[in-house]
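To keep things clear, I will list the structure first and then write my remarks on it.
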Amino acid sequence: MAMRYRHLAATAKETVGVYRSDIHGRGLFCKRIIEAGEMIMEYAGTKIRSILTDKQEKYYEGKGLGCYMFRIDRDEVIDATLSGNAARFINHSCDPNCYCKIVPIDNIKKIIIFALRRIYPGEELTYDYNFAKEDIKLPCNCSSKKCRKFLN
Ligand SMILES: [Zn+2]
């Protein structure tokens, strides 16, 4: 796992690209056949404490920046807004072709995106954001047959 991880950043450019998405804004697309179970890329960014996320979000909002964050666990979040890679553009789908897993690499928790099934060039990469249920609903635009209509 650690060996594969070390090659990820070097190979990402041949594997994926950022293009306009029909789901939302920009998305991440497959550029070569990705096999089921393959490690695709890291969701890179800066690790911040959970209690700081609200403050950071407000700061980015004030600067007119789109905020990209991914929760590792109760205490820690990866903030990809300024220091992230293309993984932050991966959109949500209710019937995704990827999944994310927290993997310890040299004892540091990393968020890694893996392929759920074989993915072909031109397909948009997606994973299930698994957002908690909330009263203010975010509509889903994934257009899959299994669409739950809302992200949360
Ligand atoms: Zn959906």
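Residue numbers (the working numbering): 22 to 173. C-beta atoms are modelled at their ideal positions from N, C-alpha and C, and glycine is treated no differently.
Need the endpoints of the beta strand (DSSP E) that Met22 sits in, please.
As a position in the sequence shown, residue 22 is number 1, starting the count at 1. Here Met22 belongs to no beta strand (DSSP E), and DSSP marks it neither H nor E.
Helix, strand or coil, according to DSSP, for Arg70 in the structure here?
Within the sequence shown, the letter at position 49 stands for residue 70. Three-state result, Arg70: strand.
Note down the Cα distance separating His28 from Tyr40, rounded to an integer number of angstroms.
To locate residue 28, count along the sequence shown from 1; it is residue 7. To locate residue 40, count along the sequence shown from 1; it is residue 19. Between His28 and Tyr40, the C-alpha separation is close to 23 Å.
Using 8 Å as the threshold, is the segment 156-173 in touch with the segment 89-105, meaning 3 or more CB pairs across them?
no
Looking at C-alpha atoms only, which residue of Arg47, Met62 and Val37 is the closest neighbour of Lys131?
Taking the first residue of the sequence shown as 1, we reach residue 131 at position 110. Of Arg47, Met62 and Val37, the residue nearest in Cα terms is Met62.
Would you mind reading off the limits of the beta strand (DSSP E) that contains Leu137?
In the sequence shown, residue 137 corresponds to position 116, counting from 1. From DSSP, Leu137 is part of no beta strand (DSSP E); its letter is neither H nor E.
Are the CB atoms of Ile134 and Tyr64 nearer to each other than 8 Å?
To locate residue 134, count along the sequence shown from 1; it is residue 113. To locate residue 64, count along the sequence shown from 1; it is residue 43. It is a contact, given that the beta carbons lie within the stated cut-off.
Closest to Gly143 by C-alpha separation, out of Ile99, Lys52 and Leu73, would be which residue?
As a first step, residue 143 is located in the sequence shown; it is residue number 122 there, counting from the start. Ranking the options by Cα distance to Gly143, first place goes to Lys52.
Which residue's Cα is closest to the Cα of Gly66: Arg109, Asp43, Gly87 and Lys76?
The sequence position of residue 66 within the sequence shown is 45, counting from 1. Here the closest residue by C-alpha is Arg109.
For His113 versus Cys168, is the C-beta spacing smaller than 8 Å?
Residue numbering aside, residue 113 sits at position 92 when the sequence shown is read from its first letter. Residue numbering aside, residue 168 sits at position 147 when the sequence shown is read from its first letter. Going by C-beta atoms, His113 is not nearer than 8 Å to Cys168.
By DSSP, does Gly38 sit in helix, in strand, or in coil?
By one-based count along the sequence shown, residue 38 stands at place 17. In the structure shown, Gly38 sits in a strand (DSSP, three-state: E or B).
Residues bridged to Cys121 (per DSSP)
Along the sequence shown, one-based indexing puts residue 121 at 100. DSSP, once it has assigned bridges, lists Ile134 as partnering Cys121.
Return the bridge partner residues of His113 from the DSSP annotation.
Numbered from its first residue, the sequence shown carries residue 113 at position 92. Looking at the DSSP assignment, His113 forms a beta bridge with Tyr148.
Evaluate Leu49 with the Cβ neighbour count: other Cβ atoms within 10 Å of its Cβ, from every protein chain shown; 16 or more gives buried, anything less gives exposed.
For the purposes of this step, residue 49 is taken as residue 28 along the sequence shown, with counting starting at 1. With 16 or more Cβ atoms within 10 Å of its Cβ, Leu49 is classed as buried.
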